[in-house]
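Inspection log for the structure reproduced underneath, given as structure tokens.
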Amino acid sequence: MKIAVAGALLLSCLVTVDGFHTPCLSSHRVTGAPASMKLKSDDYPNDGGDMEESSSSNRRKFLGVAGSLLAFTLVNPRNANAGIDVSGMREEGSSSGKTMPNSSIANQLKSYDGSASARINEIKSSQPPVSSPSTVSSTAAKANISSGGEESTSAATWAFRANPSFAPSTSKANALGTVYKYTDQIVGPSGSKVKSLGLEFEFPSDWLQLDRNNGGIQYVDQRNGDKLYVLRANLPEGQTLATLPKATIGDLIFESSGSYAKSGQAVEEYKVTSAQTLSECDEKTVCATRRRFKMKFATVTGNGLRVERRSLVDTYQIENTIYMMMTSTNAVKFEKAGPERDTAENIVSSFRVD
């Protein structure tokens, strides 16, 4: 800023000197300049002698003083700031979280602040906060607990694989290779000393695995949308699989907080139509009670179409936990007792947990 002022003074006085009005030189005071640099009126006589020689001498003296002034300004700069100071602007009314009129004006004026420090503060304020490593680790731990830890007693969740970092074993179950045998380990019952259980079932070799990254087990027939799911749920207090009301199986599977609902399946209504006990164990026998349920339910597609479906659910009780193999088949094809129904029955019949 002082450089600009010095330049302006220099220009105006040069014009004055060219017009031979030398007294103007003594009227300009240099604030903050050394005493030796201040102009004196007796340095520029205005009478006597030759006018041309006096003017030439005056110009030489002025240029020397102006050069000294410019050098002084460059050596002793002051911080320049193009911003508008709004720190003293009074804000009207209360400041308890409400937007104030003058505060709004102040914020607008601050946007015209061209100083480097203001720009740096603006960049810092626009950057999102960086989570510390401990925060990230805590969030990841909570997500892991919610996906693979203790599940709700009122909803069925995925029967998570015990070793999700390793691929499950699949092998041919028939000579033609149209059926695969799936073998793996899944997480054991809640609160049990048994950390993992053996899992085995058969399914068509051309079915596609879904959501393999979440550690659950799902497969789909891409041609018609038939599916299989491996689920688990805690038994309601005081109940066993043998005494469990058949309607409870439907409630556990289709509960809104359960994994089936969270997978994106919108279920309009459901009903468990039958239950069959395949094997039952008492406390003295080392085995697992097994029951099979039949359900009908209706899903709603993304464009609002209602689709009737049928399901077979094969279940095992291991300690206080139910493990389930659930199939989903188009209702019309299931009721016709065609190959789709045969596929569903073969899947649940091959289901083993031990």
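According to the working numbering, the stretch in the sequence shown is residues 75 to 428, in order.
Here a beta-carbon is modelled for each residue, glycine too, at the ideal position from N, C-alpha and C.
Everything numeric in this text was worked out from a predicted model, so none of it was measured.
Going by C-alpha positions, D388 is about 18 Å away from A405. Here D325 carries a helix assignment [DSSP, helix/strand/coil]. Rounded to whole angstroms, the separation of the alpha carbons of T231 and L305 is 6 Å. It is roughly 11 Å from the alpha-carbon of Q296 to the alpha-carbon of P278.
Within its own chain, the residues whose Cβ lies closer than 6 Å to the Cβ of T257, once the five positions on either side in sequence are excluded, are S243 and E274, listed in chain order.
The way I'd put it, the segment 246-253 doesn't touch the segment 399-416; fewer than three beta-carbon pairs between them come closer than 8 Å. Look at the beta carbons and you see the segment 411-422 not touching the segment 314-324: under three pairs across the two are nearer than 8 Å.
Per DSSP, the unbroken alpha helix (DSSP H) holding E414 starts and ends at P413 to S423.
Annotation for F408: the continuous alpha helix (DSSP H) segment containing it runs A405 to E409. Within the DSSP secondary-structure output, L302 pairs in a beta bridge with Y293 and T401. Less than 8 Å separates the beta-carbon of I260 from that of A233. In the three-state reduction of the DSSP assignment, S337 falls in the coil class. In this structure, D300 lies away from Q292, with their beta-carbon atoms at least 8 Å apart. Taking the Cα positions, S330 is about 14 Å away from T373. T347 counts as exposed, since fewer than 16 other C-beta atoms from the protein chains shown sit within 10 angstroms of its C-beta. By a beta-carbon distance limit of 8 Å, L352 does not contact A229. Their separation comes to about 24 Å. Between the alpha carbons of N394 and L282 lies a gap of roughly 31 Å. Distance from the Cα of L379 is smallest, within the candidate group V341, C355, T401 and K246, for V341. When the beta-carbon positions are compared, L302 and T375 stay at least 8 Å from each other.
Beta-bridge partners assigned by DSSP to L282: V294.
The C-alpha of T363 lies about 16 Å from the C-alpha of G262. The three-state reading of DSSP puts K370 in strand, counting E and B together. Apart from sequence neighbours up to five positions away, the residues of its chain that approach P238 with a beta-carbon distance below 6 Å are G289, ordered along the chain. In this structure, F328 keeps its C-beta atom at 8 Å or more from the C-beta atom of A321. Collapsing the DSSP output to three states places K255 in a strand.
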